[in-house]
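Contents: one structure, followed by commentary.
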Amino acid sequence: MGRELPLTMHDPVLDEALKRLAAEASTRFTSLVATGDEIPFDVAENNGDSPHFYRYVPLTSRFISAHIEELKSLPSYGPARGAIASSDVAAPYL
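Residue numbers for the sequence shown follow my numbering, so the first one is 1112 and each next one is one higher.
See below:
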């Protein structure tokens, strides 16, 4: 027998809280970049599927980590954090 996938239920409160946080974070990050903040990047070799030898790889997680306090200050951060905690959606990852 194949492995069964766990049943999941849609949580509209969590869904809405995360949508709001994503929208506010997007606006904040767009503003940061527009005012001169740069997303760091690395240069990596291509795997041969392209005529270019190198490609730019944005280090997005580094940019987000550098601005984590700004994310925490967003009005939607607290409600999103609370929705995650009350839905217990993060438990499998902890």
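Cβ atoms here follow ideal geometry from the backbone N, Cα and C, with glycine treated the same way.
A quick note: this is a predicted structure, and the numbers were derived from the prediction, not measured.
When the distance is taken between beta carbons, is P1186 closer than 9 angstroms to E1135?
yes
If you follow the alpha helix (DSSP H) that D1126 is in, where does it begin and where does it stop?
P1123 to A1145
N- and C-terminal bounds of the alpha helix (DSSP H) containing E1156:
Looking at the DSSP string, E1156 is not in any alpha helix (DSSP H); the run it does join, the beta strand (DSSP E), is F1152 to E1156.
Per DSSP, the bridge partner or partners of Y1188:
Within the DSSP secondary-structure output, Y1188 pairs in no beta bridge.
Expected contact under 8 angstroms - CB spacing of N1157 and F1164 to nearest Å:
6 angstroms
Tell me the rounded alpha-carbon separation between R1131 and P1162.
40 angstroms
For P1169 and G1147, what's the separation of their Cα atoms in angstroms?
16 angstroms
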